[in-house]
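Novice: After the C-alpha cells below, expect a handful of questions from me.
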C-alpha cells in the first residue's frame with residue numbers, strides 16, 4: 334500500500350511521518366499531483382493559518398487535486414478545517430468537501446478558558462469505521478484556536494467552551510481536529526484504522 | 022473536558038539525562054529515550070527535554086536524540102535549551118520535536134518569538150520564563166537564574182503572548198528544588214494575565230502541591246523532574262489522587 338502525505342506550507346509534518354513509521358508505514362511526502370492521485374491513502378496534515386494555507390494550495394492547483402480524490406483522505410487539524418466550507422481564520426473559503434460546515438474561533442466562556450485549546454480532551458459519539466476499537470470518551474491531543482461546527486458529517490464530538498466536531502466524514506474524506514500522531518494509544522488505533530479502511 | 026497536564030522534565034547533556042534516576046527497572050537510567058518511553062507508558066501527558074549541552078558539535082548529538090525520541094513516543098514533546106535562531110528550531114522540528122522552548126534568547130531578542138511564531142506557528146513556540154523575587158517583585162531572570170533583569174514577569178508574559186507565544190513555561194527560582202510546593206500566587210497571576218496556557222514549574226514535592234497549583238494557581242499544566250525521576254511520586258498515583266480531588270486528568 335502506498336501512503337502519501339501532502340506537502341504544503343502548513344506546519345510540522347514530521348510528527349505524522351514518525352507516527353506512521355512507528356506503525357511500520359513508510360509514507361512519501363509530496364506535492365506532485367500525479368503521485369498524490371496514484372496513492373492508496375492520503376494524509377492532509379497541517380498546523381498554521383487557514384487563509385495562507387488555502388492561497389498556497391490554490392497557487393499550486395492542489396485545491397483541485399484534493400477535491401477530486403477518490404481514495405481515503407485524512408485531514409488532520411488545519412487539514413480537517415481546510416476540508417470545510419469556510420474559515421473565520423483569515424476569512425477564507427476552504428475546499429468545501431464538508432459543505433455548509435464553517436470553522437469559527439473559540440470564544441472564551443469563563444476566564445479560565447484559554448484560546449487556543451491545548452491539551453487532552455475526550456472524543457464522544459463516535460460513529461465511523463475510523464473509530465473501530467476506540468472506546469467512547471477516549472482522550473486525544475488537541476491544539477487549536479478554531480473549531481468546526483457540528484453537522485450531518487460529524488463523526489465525533491468534543492466539548493471546549495461549546496460542543497463541536499472533533500471529527501468529520503463524508504464518503505472517502507475524513508477529518509480529525511485532534512492530532513492522532515500525538516494521541517497515545519487511541520491515536521495509533523485511529524491511524525491504523527485509516528490505513529486499513 | 023480538557024484535562025490538566027502532568028509533564029515530566031528531563032535534563033539532557035551530551036545526549037544523556039543528567040539528574041539521574043533511581044528507576045531500578047531501567048537498564049540504563051541515563052538513557053533519555055528509555056526514560057521517555059517509561060513516562061509515556063505511565064500516562065505522562067507531555068514531555069519536556071532541556072538540553073544543557075553548550076558546544077555546536079554536541080548539538081548534533083541532540084538532533085540524533087530528538088529523532089530517536091520521536092520514533093519511540095506517541096505523545097507531544099518539547100525541546101529547549103540553547104535555541105537562538107529559526108535554524109535551530111528547523112533542525113529540532115525536522116527531527117520530530119513537536120514544540121521548542123526559548124528562554125534567555127527571547128529576553129535578549131524578543132522579536133525571535135514573533136519570528137518563530139510566524140515561521141512555525143504559535144502551537145510549537147513555548148516561552149520559558151524563570152522568575153525570581155528581586156526588590157519584592159517577581160522579575161525575569163536569565164541564564165538559568167544567574168542573570169537578573171528589570172523585566173516584570175507579568176509584563177514579559179503579556180509581551181510574549183502578544184508576540185505569538187503558544188504556551189508559557191513558568192519556573193519560580195524561589196521554589197525550584199525546594200520541594201515545598203509551586204509558586205501558586207505567581208502562577209495564578211500570570212495565568213489570569215494571559216490567554217495562553219501556563220505550565221507551572223519548580224517546587225513540586227507532594228501530590229498535594231499539584232492539586233494546589235491546579236485549583237488555586239489556575240495552572241493548565243504542571244512540570245516536575247526529580248520527584249518523578251527518583252520515583253517519589255508515580256504518575257499513575259498522582260493522576261488518581263488528582264481525580265479524587267475533582268481535577269480533570271487523563272487516565
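Protein chains in written order, with the working numbering: chain E, 334 to 530; chain X, 22 to 272.
Ideal Cβ positions, reconstructed from N, Cα and C, are used throughout, including at glycine.
1) Roughly how many angstroms lie between the CA atoms of residue 506 of chain E and residue 408 of chain E, to the nearest whole one?
2) Is residue 467 of chain E close to chain X? Criterion is C-beta to C-beta, closer than 7 angstroms.
3) Is there at least one non-hydrogen atom of the ligand GTP closer than 6 angstroms to the beta-carbon of residue 403 of chain E?
4) Whether or not the segment 465 to 477 of chain E and the segment 436 to 451 of chain E are in contact is what I'm after, with contact meaning three or more pairs of Cβ atoms, one per stretch, closer than 8 angstroms; do they touch?
5) Roughly how many angstroms separate the alpha carbons of residue 37 of chain X and residue 248 of chain X, rounded to a whole number?
6) Just checking my contact of residue 116 of chain X with residue 515 of chain E at CB under 8 angstroms: how many whole Å lie between their CB atoms?
7) What residues of chain E sit near residue 92 of chain X, judged by a beta carbon separation below 8 angstroms?
8) Taking 7 angstroms as the CB-CB limit, is residue 388 of chain E close to chain X?
9) Looking at chain X, is there any beta carbon in it that lies within less than 7 angstroms of the beta carbon of residue 472 of chain E?
10) Just the C-alpha distance for residue 56 of chain X and residue 257 of chain X, rounded to the nearest angstrom, thanks.
11) Skipping 5 residues on each side, what residues in its chain have a beta carbon closer than 7 angstroms to that of residue 467 of chain E?
12) Please confirm if the segment 203 to 220 of chain X is in contact with the segment 160 to 169 of chain X, defined as three or more CB-CB distances below 8 angstroms between the two stretches.
13) How is the beta strand (DSSP E) around residue 160 of chain X delimited, first residue to last?
14) Return yes when the Cβ of residue 53 of chain X is within less than 7 angstroms of the Cβ of residue 27 of chain X, no when it is not.
15) Take every Cβ of the segment 484 to 504 of chain E, pair it with every Cβ of the segment 218 to 227 of chain X, and state whether three or more of those distances are shorter than 8 angstroms.
16) In chain X, which residues lie with their C-beta within 7 angstroms of the C-beta of residue 447 of chain E?
17) Is residue 378 of chain E buried or exposed, if buried means 16 or more other CB atoms sit within 10 Å of its CB?
18) Quick one: does residue 142 of chain X have its CB under 7 angstroms from some CB of chain E?
19) Let me know the secondary structure DSSP gives residue 549 of chain E once reduced to three states.
20) Please classify residue 241 of chain X as buried or exposed, where buried requires at least 16 other C-beta atoms within 10 Å of its C-beta.
21) By how many angstroms is the C-alpha of residue 392 of chain E removed from the C-alpha of residue 464 of chain E?
22) Rounded to whole angstroms, how far is the Cβ of residue 189 of chain X from the Cβ of residue 154 of chain X, which I believe are closer than 8 angstroms?
23) Using a Cβ cut-off of 7 angstroms, which residues of the segment 491 to 524 of chain E contact any Cβ in chain X, in chain order?
24) Taking residue 364 of chain E as the reference, which of E:513, E:374, E:502 and E:339 has the closest Cα?
25) Mind checking if residue 68 of chain X is an interface residue toward chain E, Cβ cutoff 7 angstroms exclusive?
26) Output yes if chain X places a C-beta closer than 7 angstroms to the C-beta of residue 526 of chain E; else output no.
27) For the segment 449 to 462 of chain E, enumerate the residues whose C-beta is nearer than 8 angstroms to any C-beta of chain X, in chain order.
28) On the three-state DSSP scale, how would you describe residue 459 of chain E?
29) Spell out whether any CB of chain X is found under 7 angstroms from the CB atom of residue 347 of chain E.
30) Select from E:491, E:335, E:484 and E:422 the residue whose C-alpha is nearest the C-alpha of residue 502 of chain E.
31) One question on the structure: do residue 396 of chain E and residue 402 of chain E come within less than 7 angstroms of each other, judged by their Cβ atoms?
32) Check this for me: beta carbons of residue 100 of chain X and residue 141 of chain X, under 7 angstroms apart or not?
33) Pick out whichever of X:175, X:105, X:253 and X:185 has its Cα sitting closest to the Cα of residue 226 of chain X.
34) Starting from the C-beta of residue 209 of chain X, find all residues in its chain whose C-beta is less than 7 angstroms away, skip the five residues before and the five after it, and write them out in chain order.
35) Using a Cβ-Cβ cutoff of 7 angstroms, what residues of the segment 370 to 387 of chain E are near chain X? List them in chain order.
36) Quick check on the burial criterion: 16 or more other C-beta atoms within 10 angstroms. Buried or exposed for residue 158 of chain X?
Specialist: Taking the coordinates as given:
1) Position 173 of the first chain, counting from 1, holds the residue named residue 506 of chain E. Position 75 of the first chain, counting from 1, holds the residue named residue 408 of chain E. So the alpha carbons of these two residues sit roughly 8 angstroms apart.
2) Numbered from 1 along the first chain, position 134 holds the residue referred to as residue 467 of chain E. Interface flag for residue 467 of chain E against chain X is unset, since no Cβ pair is found closer than 7 angstroms.
3) The model depicted lacks the ligand GTP and carries no ligand whatsoever.
4) By the Cβ test, the segment 436 to 451 of chain E is in contact with the segment 465 to 477 of chain E, since at least three Cβ pairs between them sit closer than 8 angstroms.
5) Against the second chain, residue 37 of chain X aligns to sequence position 16. Against the second chain, residue 248 of chain X aligns to sequence position 227. Roughly 18 angstroms separates the two Cα atoms.
6) Translated into the one-based positions of the second chain, residue 116 of chain X becomes position 95. Translated into the one-based positions of the first chain, residue 515 of chain E becomes position 182. Contact between residue 116 of chain X and residue 515 of chain E does not hold, since their C-beta atoms are separated by about 15 angstroms, which reaches or exceeds 8 angstroms.
7) The residue you call residue 92 of chain X lines up with position 71 of the second chain. When 8 angstroms is used as the limit between beta carbons, residue 92 of chain X is near these residues of chain E: 351, 354 and 355, in chain order.
8) Position 55 of the first chain, counted from the start, is the residue given in the question as residue 388 of chain E. Cβ-Cβ to chain X under 7 angstroms: no for residue 388 of chain E.
9) Translated into the one-based positions of the first chain, residue 472 of chain E becomes position 139. Interface criterion met: the Cβ of residue 472 of chain E is under 7 angstroms from a Cβ in chain X.
10) As a first step, residue 56 of chain X must be located in the second chain, where it is residue number 35. As a first step, residue 257 of chain X must be located in the second chain, where it is residue number 236. Here the alpha carbons of residue 257 of chain X and residue 56 of chain X stand approximately 15 angstroms from one another.
11) In the first chain, the residue the question calls residue 467 of chain E occupies position 134. Counting only Cβ-Cβ distances below 7 angstroms, and skipping sequence neighbours, we find 459, 519, 522 and 523.
12) Below 8 angstroms, too few C-beta pairs join the segment 203 to 220 of chain X and the segment 160 to 169 of chain X to call them touching: fewer than three.
13) Indexing the second chain from 1 puts residue 160 of chain X at position 139. Residue 160 of chain X -> beta strand (DSSP E) spans 158 to 163.
14) As a position in the second chain, residue 27 of chain X is number 6, starting the count at 1. As a position in the second chain, residue 53 of chain X is number 32, starting the count at 1. Result no, Cβ atoms of residue 27 of chain X and residue 53 of chain X do not sit closer than 7 angstroms.
15) Not touching, per the Cβ criterion.
16) Taking the first residue of the first chain as position 1, residue 447 of chain E is located at position 114. By Cβ distance, chain X contributes 216, 217, 218 and 241.
17) On the first chain, position 45 is the one that residue 378 of chain E refers to. Classification for residue 378 of chain E: buried.
18) Mapped onto the second chain, residue 142 of chain X falls at position 121. Closer than 7 angstroms to some Cβ of chain E, the Cβ of residue 142 of chain X qualifies, so yes.
19) With chain E covering 334 to 530 only, the question about residue 549 of chain E has no answer from this structure.
20) Position 220 of the second chain, counted from the first residue, corresponds to residue 241 of chain X. When all chains shown are included, residue 241 of chain X counts as buried.
21) Within the first chain, numbered from 1, the residue matching residue 464 of chain E stands at position 131. Within the first chain, numbered from 1, the residue matching residue 392 of chain E stands at position 59. Annotation: residue 464 of chain E to residue 392 of chain E spans about 34 angstroms, alpha carbon to alpha carbon.
22) In the second chain, counting from the first residue as 1, residue 189 of chain X sits at position 168. In the second chain, counting from the first residue as 1, residue 154 of chain X sits at position 133. Not quite, the Cβ-Cβ distance comes to about 18 angstroms (not below 8 angstroms), so this is no contact.
23) Interface annotation for the segment 491 to 524 of chain E against chain X: 492, 493, 515, 517, 520 and 521, criterion Cβ-Cβ distance under 7 angstroms.
24) Counting from one through the first chain, the residue named residue 364 of chain E turns up at place 31. Checked all of E:513, E:374, E:502 and E:339; the closest Cα to residue 364 of chain E is E:339.
25) Within the second chain, numbered from 1, the residue matching residue 68 of chain X stands at position 47. Interface criterion not met: the Cβ of residue 68 of chain X is under 7 angstroms from no Cβ in chain E.
26) Position 193 of the first chain, counting from 1, holds the residue named residue 526 of chain E. Closer than 7 angstroms: no.
27) Within the segment 449 to 462 of chain E, the residues whose Cβ lies closer than 8 angstroms to some Cβ of chain X are 449, 450, 451, 452, 453, 454 and 455, listed in chain order.
28) As a working mapping, residue 459 of chain E is identified with position 126 in the first chain. Three-state DSSP puts residue 459 of chain E in coil, outside helix and strand.
29) Locating residue 347 of chain E in the first chain gives position 14, counting from the first residue. Judged by the 7 angstroms Cβ criterion, residue 347 of chain E is in contact with chain X.
30) Locating residue 502 of chain E in the first chain gives position 169, counting from the first residue. The residue with the shortest Cα to Cα distance from residue 502 of chain E is E:484.
31) Here residue 396 of chain E refers to the residue found at position 63 of the first chain. Here residue 402 of chain E refers to the residue found at position 69 of the first chain. No, the pair does not count as a contact, with Cβ atoms beyond the cut-off.
32) Sequence index remark: in the second chain, residue 100 of chain X carries index 79 (1-based). Sequence index remark: in the second chain, residue 141 of chain X carries index 120 (1-based). No, they are not a contact pair.
33) By one-based count along the second chain, residue 226 of chain X stands at place 205. Among X:175, X:105, X:253 and X:185, the Cα nearest to that of residue 226 of chain X belongs to X:253.
34) Along the second chain, read from residue 1 onward, the residue named residue 209 of chain X stands at position 188. Once the five neighbours on either side are set aside, the close Cβ partners of residue 209 of chain X are 237, 238 and 239.
35) From the segment 370 to 387 of chain E, only 380 and 381 have a Cβ closer than 7 angstroms to chain X.
36) Along the second chain, read from residue 1 onward, the residue named residue 158 of chain X stands at position 137. Around the beta carbon of residue 158 of chain X, fewer than 16 other beta carbons sit within 10 angstroms, so the residue counts as exposed.
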